[in-house]
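>
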Amino acid sequence: MKILMVGGGGREHALIKKLRESRYAPEVICAPGNGGIACDARCFDVSADDKAGMVALAKREGAELVFVAPDNPLADGLVDALESEGIRAFGPTRAAAQIEASKVFAKNLMKKYGIPTADYEVFDDPSTALEYIRNKNDFPAVIKADGLAFGKGVIIAQSMSEAETAVSSLMEDKIFGESGSRVVVEQYITGPEVSVLAFCDGKTVKPMVSSMDFKRVFDGNIGPNTGGMGTISPNPYYTDEVAKECMEKIFAPTVKAMEKEGRPFKGCLYFGLMLTSDGPKVIEYNSRFGDPETQVVIPRLKTDLVDIINAVIDGKLDEIDIEWDTGAAACVVLASGGYPGKFEKGRVIKGLDKSGGADGVTVYHAGTKLRDGRFLTASGRVLGITATAPTVDNALEIVYRHIGEISFDGMHFRTDIGKC
Ligand code: AMP
Ligand code: GLY
């Protein structure tokens with residue numbers, strides 16, 4: 003069995019390592035992959051956004067299954083293109099991926115089906131948006147680009163002048179292109195955040211173990227948002243009682259709503275939740291595995307991932323029991339100097355040979371290149387040092403001990419993952 007993984011970050015590395023544990027012993031290939039992934043899977047130089055190139059690669063290599071991990075190719079209909087060629091694919095169709103690709107679609111879906119989320123209004127004109135914010139005079143105001151924006155499309159404006167800057171950069175300067183043609187202005191809500199990834203086959207939804215993502219770049223949860231600087235699993239706020247409430251009010255209704263809308267969701271649906279004093283609310287949906295949530299959730303999976311993927315594609319998720327390790331996991335991201343702003347690439351990574359394998363540690367490569375036997379930095383997020391252990395504290399202690407072995411010029415990371 004040959005499986006093609008589309009993507010090239012830490013999330014894809016974690017999924018590939020899990021696929022390699024399958025009892026079916028699949029051959030896993032990846033495009034584009036990265037330096038570390040190349041040690042686990044043959045990599046091909048095809049961009050995840052090159053739809054025709056990816057379909058051609060899958061055909062040429064005779065891949066029986068293609069796992070589409072990143073948001074862009076899902077929103078662009080790579081799964082539809084593969085299926086129309088008769089190739090099995092894991093991930094939502096373009097129509098179902100709208101749940102992430104358009105915040106307006108997601109918010110309207112929640113309103114129509116009574117799924118709890120922050121109140122909102124949609125605007126396609128900057129002056130009307132600003133007039134609404136001015137009249138409401140309720141700060142902070144949350145302003146979100148409708149479309150995909152590299153995880154940077156949410157602006158929390160503390161004042162009218164910050165709101166003016168946000169609206170003009172999204173809607174007039176179009177810093178995220180057409181993604182900012184429409185914006186959602188949302189009520190600011192507060193509470194602990196929880197990420198829940200869930201397998202869905204169009205009808206049945208099976209949530210995975212919970213996690214918590216640390217999105218801000220600096221210790222103490224300050225500084226700009228990043229793609230995620232670290233994660234822990236389980237999330238300490240996600241009790242069995244909260245999980246039950248989320249299943250009843252959010253997970254099952256969302257999957258049913260998508261089915262009713264004629265866009266059955268198959269793949270991994272990511273629920274970004276906030277546990278407010280009014281109960282859990284949806285902050286965002288993603289149509290894919292989260293990064294770096296996957297790095298702490300997937301290592302805890304005990305059931306064969308290939309069986310789950312097949313059940314998702316075949317609409318038989320209700321026939322399979324999914325088992326999880328009862329322990330915990332933690333992941334700390336090592337980032338390039340300057341990230342999430344400007345950063346340099348091509349720095350030599352030292353100490354990697356001393357890390358990995360021992361103590362339940364796995365080093366997932368997020369952005370590396372292999373050159374002449376040495377790993378070089380190749381992206382903002384470079385490595386995700388991950389450990390599984392009986393408790394989150396144990397896992398964090400192991401992770402931070404291993405980080406001491408690894409270095410590259412400009413390397414920075416948070417020292418308080420799981421602590422605040
Ligand atoms: P997102 O890119 O949608 O995950 O949003 C990034 C972050 O912005 C979230 O993790 C929240 O911390 C924050 N956020 C988004 N929407 C709201 C809201 N309505 N109220 C308060 N914070 C929010
Ligand atoms: N870690 C957040 C995301 O994957 O969007």
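So the number in the numbering used here is just where the residue sits in the sequence shown, counting from 1, plus 2.
Built from N, CA and C at the ideal position, the CB exists for glycine as well.
Note that the structure is a prediction, hence the values are computed from the model and not measured.
1) Thinking C-beta only, is Gly229 closer than 8 Å to Arg383?
2) Cβ of Ala17 within 8 Å of Cβ of Ile300?
3) Would Ala1 and Val394 be called neighbours here (beta carbons separated by less than 8 Å)?
4) Do you know whose CA, among Cys248, Pro226, Phe216, lies nearest Thr417's CA?
5) My output table needs one value for Leu150: the three-state DSSP class, helix, strand or coil.
6) With ligand 2 as the reference, list in chain order each residue whose Cβ lies under 5 Å from any of its heavy atoms.
7) Which ranges does the alpha helix (DSSP H) cover as unbroken runs of at least 4 residues, wholly within the segment 361-394, from first to last along the chain?
8) Pro75 and Asp51 - do their beta-carbons sit closer together than 8 Å?
9) Please look up how many angstroms separate the CB atoms of Tyr26 and Val308, rounded, as I've assumed it's under 8 Å.
10) Nearest to Gln189 by CA position, among Lys208, Val198, Glu123, Gly149, is which residue?
11) Give a single yes or no on whether Glu188 has its beta carbon closer than 7 Å to a heavy atom of ligand 1.
12) Below 8 Å, how does it come out for the segment 261-275 and the segment 323-330: are there three or more Cβ pairs, yes or no?
13) Where are the beta strand (DSSP E) runs, 3 residues long or more, that stay fully inside the segment 43-89, in chain order?
14) For Lys208 and Lys371, I'd like the C-alpha separation in whole angstroms.
15) Reducing DSSP to helix, strand and coil, say where Asn312 ends up.
16) Look up Arg218 in the DSSP assignment and give the residues it is bridged to.
17) What would DSSP say about Ser170, mapped onto helix, strand or coil?
18) Would you grab the beta carbon distance between Met210 and Val196 for me? Rounded to a whole angstrom, and I think it's under 8 Å.
19) Using the Cα positions of Ala337 and Gly420, report the straight-line distance between them to the nearest angstrom.
20) Is there contact here, the segment 136-145 with the segment 93-101, by at least three beta-carbon pairs under 8 Å?
21) Please name the residue in Glu164, Lys138, Leu150, Thr379 whose C-alpha comes closest to that of Glu180.
22) When you compare only the Cα positions, how much space is there between Val57 and Arg90?
23) How big is the Cα-Cα spacing for Val8 and Leu80?
24) Roughly how many whole angstroms lie between the Cα atoms of Ile405 and Gly93?
25) Select from Ser289, Tyr402, Ile252 the residue whose C-alpha is nearest the C-alpha of Pro118.
26) Starting from Asp1, trace the alpha helix (DSSP H) in both directions and tell me its first and last residue.
27) May I have a chain-ordered list of the alpha helix (DSSP H) segments no shorter than 4 residues that lie completely inside the segment 283-331?
28) Give me the Cα-Cα distance between Met413 and Gly348, rounded to the nearest whole angstrom.
29) Helix, strand or coil for Thr192, going by three-state DSSP, please let me know.
30) Measure the C-alpha to C-alpha separation of Tyr239 and Pro194 and round it to an integer number of angstroms.
31) Use the C-beta contact count for Phe377: other C-beta atoms within 10 angstroms, 16 or more gives buried, fewer gives exposed.
32) If you follow the alpha helix (DSSP H) that Val106 is part of, which residue opens it and which one closes it?
33) So the candidates are Asp78, Cys202, Ala168; which of them puts its Cα closest to the Cα of Gly317?
34) Rounded to whole angstroms, what's the CA-CA distance from Gly55 to Gly64? Just pull it up for me.
35) Cβ of Glu321 within 7 Å of any heavy atom in ligand 1?
36) Skipping 5 residues on each side, what residues in its chain have a beta carbon closer than 7 Å to that of Val1?
If we stick to the structure as given:
1) yes
2) It is Leu, not Ala, that sits at residue 17 in the sequence shown. Against a cut-off of 8 Å, the Cβ pair of Ile300 and Leu17 comes out as a contact.
3) The first residue shown for the chain is 3 and the last is 422, placing residue 1 beyond what the model contains.
4) Phe216
5) Here Leu150 sits in coil by DSSP.
6) Asp215, Gly230, Gly292, Asp293
7) none
8) In contact: Asp51 and Pro75 (Cβ atoms closer than 8 Å).
9) 5 Å
10) Glu123
11) yes
12) In the pairwise beta carbon analysis, the segment 261-275 is classified as not touching the segment 323-330: fewer than three pairs are separated by under 8 Å.
13) Counting only runs of 3 or more, we get 67-70.
14) 36 Å
15) The three-state reading of DSSP puts Asn312 in helix, counting H, G and I together.
16) Asn227
17) Helix at Ser170.
18) The pair is not a contact, with the Cβ atoms about 12 Å apart (cut-off 8 Å).
19) If you take the alpha carbons of Ala337 and Gly420, they lie about 17 Å apart.
20) The segment 136-145 is not in contact with the segment 93-101.
21) The residue with the shortest Cα to Cα distance from Glu180 is Leu150.
22) Roughly 11 Å between the two C-alpha positions.
23) 10 Å
24) 33 Å
25) Ile252
26) The structure shown does not extend to residue 1, since the chain is modelled only from 3 to 422, so the question has no answer here.
27) 295-299, 307-316
28) 12 Å
29) coil
30) Rounded to whole angstroms, Tyr239 to Pro194 spans 7 Å at the Cα level.
31) Buried, since its Cβ has 16 or more Cβ neighbours within 10 Å.
32) 105-115
33) Cys202
34) Rounded to the nearest whole angstrom, the CA to CA distance from Gly55 to Gly64 is 14 Å.
35) no
36) It is not possible to answer for residue 1, since the shown part of the chain is limited to 3 through 422.
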